[in-house]
Every structure is written in structure tokens, then in C-alpha cells.
DNA sequence: ACCATATAGTCAAACAACTTGACTACCTAC
DNA sequence: GTAGGTAGTCAAGTTGTTTGACTATATGGT
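Chains as they are written, first to last, in this note's numbering: chain A, -17 to 130; chain B, -17 to 130.
What follows is the structure, given as C-alpha cells:
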């Protein structure tokens, strides 16, 4: 593949990612969850399964733990997350989603589904399936970070 | 497609985009172009063909023209771009890439090609081609913005 | 059991990117 | 020619993040 083709692929990927991020964010806002930025969504992704510590979050987001701590402050203040004592380490705290936080996570899923449905006009169901599988194959195991 | 599948697709897409951005940035730095952030890359994308005005850039990046102007200041100070008088409008200035700026743009293409080659381990040449065409079909016409 | 060292988290100050507000120079249309 | 709009910049304020310093708890060696 030529350099220019690789760049075209990259640009398309980044354009789609940017647009998707914007749509998910708008969809979440439209469902009544305000005061959140896309960066919070990346935190939710890490918190959702079983909670996480501030340090876990910091690594996941690629920021300092101070920044992660402030982000958690914000989520707690807005009622989306809560700090609970960590069951195995008295120094640490387990950050978990509240009911409202789970509602927001569901809203994000709905918004994502809605955004993806918007691609139906350009892609068949089969192409969409192939796209998903292809991306899952090259997606890094690691964290989702808003690098730029 | 179920909501959770759409979310998995979205997460994979964002993870790949984040990783790709990081790799391109690292590759550009490795080629000796320093003091640049990924955001500058998005500006380059708009400046590269024929230059652009500050207002064009601001719209493209989704920021205020003051922010775009500051970003141009930085590129000029670092020797990647220059402000030239606009041929048709004495109020405006045409921002163009310098030789060093073009060198950086080429470095970004090489870095992108290198990053994409890293996917060869997981994808066949044919799958890569399909991925590129699929993404180009759903990529918005609009600007590439670092929305998050 | 004790001490040295490392880790989890927070507070505070410094910093960087961006926004809002105000202004000048130039363009465009009536 | 004059009124209103647009391109760009300067300055100040806001926001998110980092760097530095500190406390509390954990861990490993002796």
C-alpha cells in the first residue's frame, strides 16, 4: 500500500472516529445526561464492568492520577459515580457507577447504535459486520485514550 | 445490530483511532519533527493542498478563530508554516506550509504507512483494501476534528 | 516485630490550550 | 459614501492537566 493510500485510510478512520464521538456525545445529551464530555465516556468504559481505582483509571486514560482523581470528583459531584472503600486495600478506593451512571452508560449504547444505524445508507448489513470484525481484530488490547 | 454490538464496534473504532494517532505522532517525532501535537496534524491536513485562512482552519478544527490563530502562531514560530498576504482579500492572510512543513507532512504519511503496515499481521491485503473503501464510504465530507 | 521502601490517593500551585470580549482594518451592498 | 459584515489580532478569564509535596497504608527483608 502506498503512503498516500495509508494516509487516506488514516484520515478516513480519524474522520469517522471524530464524527462517531460527536454523535454519541450528542445522543447522550439528548437523553438528558448533561455536564459530561467525551472524555468521561472513556472513563465509563473502564468503570462499567466492576469499578476501578483512580490509578487504574489514570493508566486507562493516559493521564496522571491527579487528573483522573479530579475527573472522578466531577463524576461524583454530578451523581454518576461513587467512591467506595476498596475491599482488599485500605489505601485504595473503588470507584463504581451509580444508578444514574448506569443509565448514562445505557444511553451511550443507544446513541452508539443510532449513530451506527446512520451508516446503513452507505453500507449493507454484511459490510457492517465485516467492518466490526475487522476493527476488533486490529484494536489494541490496551486502553482507549483520547490521545489528541 | 444490537446496542451492545454497536458499542463494541464503536469502542474498537475509537481504540484503533487513538492508537493510530499515537503511532503517527510518534513516527513524526522519530523523524525529527518536534514540538508538535496531534492537533497540528489536523491543521496540516487543511493547509497542505493550497493553504488556508485562519478562519478556514478554525472551521475545520471546530475551534474559535482566536484559537486557530494561536495555533498558527506556534506553527510559524517553529518554522512549519508562514503567513502570506491573501491574493484576493487584503483583510485575510493565506497560511501556507514551509519546506519544513512539507517535510513534516511527508513524515506523517510515512508514519501512517508504517502504522498501517503493523496491521498486516492481523489482516490480509484484501481485507485492508476493503477496510479502506468501507471507511471512505462512511467518512463524513466535513472536517477532521479532534472532538474529544 | 520493626524498619525501609513502595504504592494509593489527595491538596495546592503552575501551566497550557482554549474561550469570551473588545478592537482595527478591510470588504460589500445599498 | 456610508452602514453593516467579515478577517484577524490582542487581552483577559476559564478549564483541564501536570508537577511537586504530603499522608496513609502496604510489602518485604532482617
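Don't be surprised by glycine CBs; every beta carbon is placed ideally from N, CA and C.
Cross-chain neighbours of residue i in chain A, by beta carbon under 7 Å
i                      : result
residue 101 of chain B : 120
residue 105 of chain B : 116, 119 and 120
Check whether residue i and residue j have beta carbons under 8 Å apart
i                      : j                      : result
residue 100 of chain A : residue 80 of chain A  : no
residue 87 of chain B  : residue 30 of chain B  : yes
residue 27 of chain B  : residue 50 of chain A  : no
residue 39 of chain B  : residue 21 of chain B  : no
residue 36 of chain A  : residue 75 of chain A  : yes
residue -9 of chain B  : residue -2 of chain A  : no
residue 109 of chain B : residue -11 of chain A : no
residue 6 of chain A   : residue 23 of chain A  : yes
residue 103 of chain A : residue -15 of chain B : no
Cross-chain neighbours of residue i in chain A, by beta carbon under 9 Å
i                     : result
residue -2 of chain B : -5, -1, 117, 120, 121 and 122
Residue interval of the alpha helix (DSSP H) (run including residue i)
i                      : result
residue 98 of chain A  : 81 to 99
residue -13 of chain A : -15 to 12
residue 24 of chain A  : 20 to 29
residue 58 of chain A  : 47 to 59
residue 109 of chain A : 107 to 120
residue 38 of chain A  : 36 to 43
N- and C-terminal bounds of the beta strand (DSSP E) containing residue i
i                     : result
residue 63 of chain B : 63 to 67
Amino acids of chain A, ordered along the chain, whose beta-carbon sits closer than 8 Å to that of residue i
i                     : result
residue 2 of chain B  : -8, -5 and -4
residue 91 of chain B : -15, -14, -12 and -11
residue 6 of chain B  : -8
Contact belief for residue i with residue j at Cβ below 8 Å, rounded distance in angstroms
i                      : j                      : result
residue 57 of chain A  : residue 116 of chain B : About 35 Å; that fails the 8 Å criterion.
residue 1 of chain B   : residue 122 of chain A : 5 Å
residue 120 of chain A : residue 105 of chain B : 7 Å
residue 89 of chain B  : residue 78 of chain B  : Not really, about 18 Å apart at Cβ, beyond 8 Å.
Under 9 Å by beta carbon: chain B residues contacting residue i
i                      : result
residue 112 of chain A : 109, 112, 113 and 116
Proximal residues of chain B, C-beta to C-beta of residue i below 8 Å
i                     : result
residue 94 of chain A : -15, -12, -11, -9 and -8
residue 98 of chain A : -17, -12, -9 and -8
Residue(s) in a DSSP beta bridge with residue i
i                     : result
residue 75 of chain B : B:67
Amino acids of chain B, ordered along the chain, whose beta-carbon sits closer than 7 Å to that of residue i
i                     : result
residue 27 of chain A : -7
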